[in-house]
Each structure stands twice: as structure tokens, then as C-alpha cells.
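Student: To start, I am sharing the structure in question, which I have written as C-alpha cells.
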Ligand SMILES: *[C@@H]1O[C@H](CO)[C@@H](O)[C@H](O)[C@H]1NC(C)=O
Ligand SMILES: *[C@@H]1O[C@H](CO)[C@@H](O)[C@H](O)[C@H]1NC(C)=O
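In this note's numbering, the protein residues as written are 154 to 543.
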């Protein structure tokens, strides 16, 4: 055999396996044809073995794939102008207002705390206990429809006894759902927020009263609201930077929650909303505890009911055993990648949320009733089995 044959053998193993069987016919086959046959085999393998796997993998992880490239297709929002927040128990309100560059008022503003309620009974209690000393009127609206158009009972109404401590300061309203099939959940949400505006007027809100706009699970700290009601010249619309927690106060995620806001009410102008409404934000103003539920059934309900319910791509996501496992590992209920705008932050946040062992600077009522709210405190990720129903 010639040297030429040997060198081609080294560089073309597949061809040799397929074609170099030593028959006379194979020997006469042109080299090009031989290479093509090798290519056919590889294509064949790819199509019939790898493609189904690839399609299956894209089906399972396609969303992750697009999310991973978020930094390329979505630019980060304009950064907020963050106002430094000064606070210590032992510093007078006069000094605190001055430190923020504001003047102190003769009398504090009246404060209205308005929420759309779904089923978060425990967090509502913690919230109202935290804010109670400073709130003039608690305004709560609930619908018998979730944002995704599923029927739900009037949970607050049937648990009103639990909230008797706010009775004299409560304006409560219900609204019937529209139950439009297949509609974008944000439409039902907007509809409910408009109704909440009406309820606020019924509650007697007036010019320059302080209005807190936030979800039930976004809890401003009491001292933040006290500061804002006592100081003059605060911005007319101020977002609150809250600490993000997941499942309980055991999993501290980051400090990037910004949707909650406080408004100096302006009749005819102020509209209840949950999106960005200004560029200023007050640092370290409270807590945002997402999916902080006592019972697994409440996780299932929320996963189906909330505005991003399209994230439940597979029914096994709703399996109670899986949910319990996810809670104790600090991983994602929807198996999603972190929603970040830079690769550095996204990669930094991949994997489970590390446990925190701190229960310092949490809403005071959590510690007053630590035994009852055990599941929200560090070291208690296992949810008790359900004994009551909503
Ligand atoms: C709090 O303030 C008072 C009066 O200004 C002072 O006597 C006291 O030592 C302060 N306590 C702390 C813990 O700083
Ligand atoms: C929802 O509430 C409205 C008003 O209270 C009522 O008319 C309607 O029948 C309720 N729908 C469901 C499905 O409960």
C-alpha cells in the first residue's frame, strides 16, 4: 500500500470503517463519495438519535435558554435615585427629618394603607400589626376572582374575626370577578385596582394624606411610615426599597424589591398602581416576603392564581412533595433562572438561595408570636399539614 493511503486513513477513520472493507467495488469508489457516505451516517445518527433529545431538552429548558440570554435582549431599567435612609430607635424625629434634608411637621399626616387581598391571611396580620400605630384607615378590597380568572371565596370575609383588632379603622369592600376566559391576567388586576381607587375615596382620603400602595406581602417597616408621616417636603411619589425574601425570612434573596410606593395623595391625579411611578426610592424600608405561606395548598393556589401563572409549564410543579422539597432547598418553584440583566448577577444567583440565620430587624409581631409564625423564621422549612381550610 502506498504512503498516501496511510495518511488518508489517519485523517478519515469513519470513511475507512464504512468504505474500507477491502472489496473491489469499494476500492473503486471515489474518495468524495466515500466522504459523503460517512456524512450521511452522521446525519442519520444526529436526526434519529440526537434530534429527539434536543427537542425534548428545548421543551424542558427552552425558557431557561431564553432567560439565560436576557442580558442580551432586555436592557436594565433606568436606575433609581436612592435616598439614604437614617434610623435608630434612640434618635428623635426632629433629628431624623433633618438628616434626610426634610423639616418636621407640627402634626403627622394621616396614613391610608390600601391592599388588594387574595388569601395571604398570615402576612396580612403581620402587616397590619406592624403598621397599626401609624395608620388612620386600612383599606382592603377582595374579589371572588383571581387575576387569572379562577373563582375564589371571599377569604377575608370568612376570617373577619381574626382581624377584629383593626375593625374601627377598616374600610372593606368586595368586587365580583368578570371571569373572562383566556384574558391577560393584568387586565383583571387593573380592573381591581380601579375599584380600589373608589374604595379609597369612600374611606375618606384627602389631599396630602399618605397613601401606601403595595401588595400584602410587601410590608413597609413601622418606623419608615412614621418618618414619612412626620416629615415635610418628602417626594410626592416615593418607592420603597424592600428586602426580598422567599418562602420565609430564612431565605434572604436581595434588596431589590422596589414596587411598593408611598404617595402624598392628590385627588384626581393619584391612581393606585403597582408599577414604577417615579425615580426616587427610599433605601431599606421594609420586607417583601414572596410565597411565604403556611400550607402547601396555599402555594398551589398562588402558583395557579397569580399573574405569571403561565410559569406553571408542567403539572408536576404543583406536586405537594416537590413543593416541600423546593422550600427546604431554597430553589425555584418554577425551575426558572434568576431574572437579572447582567450575566455576572445571573450567574452569581444561580442555584439555591443560601439560608440566613438572622431574625434581627424583622416585623415585631413575628417575634411576639414566634411559636405561631415559626414557619416564617429560620430553621423551620417543613410546612405543617393542613388542619384548616380557606
Ligand atoms: C438614648 O438616648 C438617651 C438620651 O439622649 C441617652 O441617655 C441614652 O444613653 C441613649 N441610649 C442608647 C442605647 O444609645
Ligand atoms: C362573585 O361575586 C359577585 C358579587 O358579589 C356575585 O354576583 C357572583 O355570583 C360571584 N361569582 C362567583 C363565581 O362566586
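We put the beta carbon where it would ideally sit given N, CA and C, even for glycine.
#1: Do the segment 378 to 389 and the segment 274 to 287 meet, that is, are 3 or more Cβ pairs less than 8 Å apart?
#2: Please name the residue or residues paired with residue 267 in a DSSP beta bridge.
#3: In whole angstroms, what is the alpha-carbon distance linking residue 423 and residue 370?
#4: Any heavy atom of ligand 2 within a distance shorter than 7 Å of the CB on residue 304?
#5: Using a Cβ-Cβ cut-off of 8 Å (strictly less than) and excluding sequence neighbours within five positions of residue 250, which residues of its own chain qualify?
#6: Is the segment 446 to 461 touching the segment 388 to 395, taking contact as three or more C-beta pairs under 8 Å?
#7: Going by DSSP, name the residue or residues bridged to residue 327.
#8: Counting only runs that start and end within the segment 422 to 469, where is the alpha helix (DSSP H) found for 4 or more residues in a row?
#9: Which residue wins for smallest C-alpha separation from residue 358, given the options 338, 322, 278, 318?
#10: Assign residue 226 to one of two classes, buried (16 or more other C-beta atoms within 10 Å of its C-beta) or exposed (fewer than that).
#11: For residue 346 and residue 296, I'd like the C-alpha separation in whole angstroms.
#12: For residue 305, does the three-state DSSP call read helix, strand or coil?
#13: Given a cut-off of 8 Å on the beta-carbon distance, is the pair residue 352 and residue 326 in contact?
#14: Please specify which runs of the alpha helix (DSSP H), each continuous and at least 4 residues long, are wholly inside the segment 208 to 256, giving them in chain order.
#15: Mind checking whether the beta-carbon of residue 327 lies closer than 7 Å to any heavy atom of ligand 2?
#16: Out of curiosity, what's the CA-to-CA distance linking residue 278 and residue 432?
#17: Across the segment 394 to 407 and the segment 522 to 532, are there enough close Cβ pairs to call them in contact, namely three or more that are closer than 8 Å?
#18: Just to confirm the assignment: which complete beta strand (DSSP E) runs, minimum length 3, are found wholly within the segment 489 to 524?
#19: Look up residue 534 in the DSSP assignment and say whether it is helix, strand or coil.
#20: Compute every distance between the C-beta of residue 272 and the non-hydrogen atoms of ligand 2, then say whether any falls below 7 Å.
#21: Which residue's Cα is closest to the Cα of residue 219: 522, 494, 513?
#22: Using DSSP with H/G/I as helix, E/B as strand and the rest coil, what is residue 405?
#23: Could you spell out the range, first to last residue, of the alpha helix (DSSP H) harbouring residue 382?
#24: Tell me whether the beta-carbon of residue 435 lies closer than 8 Å to the beta-carbon of residue 456.
Tutor: Straight from the coordinates:
#1: yes
#2: 292, 366
#3: 22 Å
#4: yes
#5: 256, 257, 380, 383, 384, 385
#6: no
#7: 295
#8: 449 to 458
#9: 322
#10: exposed
#11: 11 Å
#12: coil
#13: yes
#14: 223 to 226, 246 to 252
#15: yes
#16: 30 Å
#17: yes
#18: none
#19: coil
#20: no
#21: 494
#22: strand
#23: 375 to 383
#24: no
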